[in-house]
Amino acid sequence: MIRGVFQIEIIDHDTHFSCAADNSVLAAMAQQQNTNWQTKRPIKIGCRNGGCGICKIHVVEGDYAHGKMSYAKVSEAERQAGYVLACRTFPRSDMKIKPAFSGDIAGFDNNDKNKNRE
Ligand code: FES
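Last residue of the sequence shown: number 120 in my numbering, and the count goes up by one each step with no gaps.
Printed below as a string of structure tokens:
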């Protein structure tokens, strides 16, 4: 079992949070959401199980492990470039990340997906 707690910085959002090695980046962000983030989360939350792709992030710096991700949501080229699904990503060092999506996404009703997750 890998242990450790790492700092995750969300670039361009002036925020960071801690994430244990056995917790996903998305779960840690949701658990530590604070009022500075207002009502919008820097990383969108959807299915939380790798199915919808809404939580895609770009890892700019740091090491990580990831669970199974659909190639329909994260292509091989994207993986090679450091794109992953935050709900399937586990830190192995401090990380700097960027949300792959910002704002509302055409064709994806994020409000409906999050109705029962607030
Ligand atoms: S929340 Fe749906 S893929 Fe991560």
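Quick reminder that beta carbons are idealized off the backbone N, C-alpha and C, glycines included.
1) Would you mind working out which of Ala-79, Gln-35, Ala-32, Leu-87 sits nearest Gly-53, comparing C-alpha positions?
2) Hey, which unbroken runs of the alpha helix (DSSP H) at 4 residues or more fall wholly within the segment 23-62?
3) According to DSSP, what are the bridge partners of Cys-21?
4) Quick one: which unbroken alpha helix (DSSP H) runs of 4-plus residues sit fully inside the segment 63-89? Chain order, please.
5) Using only the alpha-carbon positions, how far apart do Ile-13 and Lys-98 sit?
6) Helix, strand or coil, according to DSSP, for Phe-92 in the structure here?
7) Taking the alpha-carbon of Glu-63 as reference, which of Lys-75, Ser-95, Arg-90, Cys-89 has the nearest alpha-carbon?
8) Measuring straight from C-alpha to C-alpha, what distance separates Ala-67 and Asn-51?
9) Contact check, Ser-26 vs Phe-103 under 8 Å by CB: the rounded distance?
Answer, in terms of the structure:
1) Taking the first residue of the sequence shown as position 1, residue 53 is located at position 51. Ranked by Cα distance from Gly-53, the first of Ala-79, Gln-35, Ala-32, Leu-87 is Leu-87.
2) Correct list: 27-33.
3) Here residue 21 is taken as the residue at index 19 of the sequence shown, counted from 1. The partner list for Cys-21 (beta bridge, DSSP) reads Phe-8.
4) 78-82, all fully within the segment 63-89.
5) The residue given as residue 13 occupies position 11 in the sequence shown. The residue given as residue 98 occupies position 96 in the sequence shown. Distance between Ile-13 and Lys-98, taken at the CA atoms: about 6 Å.
6) Reading the sequence shown from its first residue, position 90 is the one you call residue 92. In the three-state DSSP reduction, Phe-92 falls in the strand class (E or B).
7) On the sequence shown, position 61 is the one that residue 63 refers to. Among Lys-75, Ser-95, Arg-90, Cys-89, the Cα nearest to that of Glu-63 belongs to Ser-95.
8) For this step, residue 67 is matched to residue 65 along the sequence shown. For this step, residue 51 is matched to residue 49 along the sequence shown. Their backbone Cα atoms lie some 15 Å apart in a straight line.
9) Translated into the one-based positions of the sequence shown, residue 26 becomes position 24. Translated into the one-based positions of the sequence shown, residue 103 becomes position 101. About 17 Å separates the beta carbons of Ser-26 and Phe-103, which is beyond the 8 Å limit, so they are not a contact pair.
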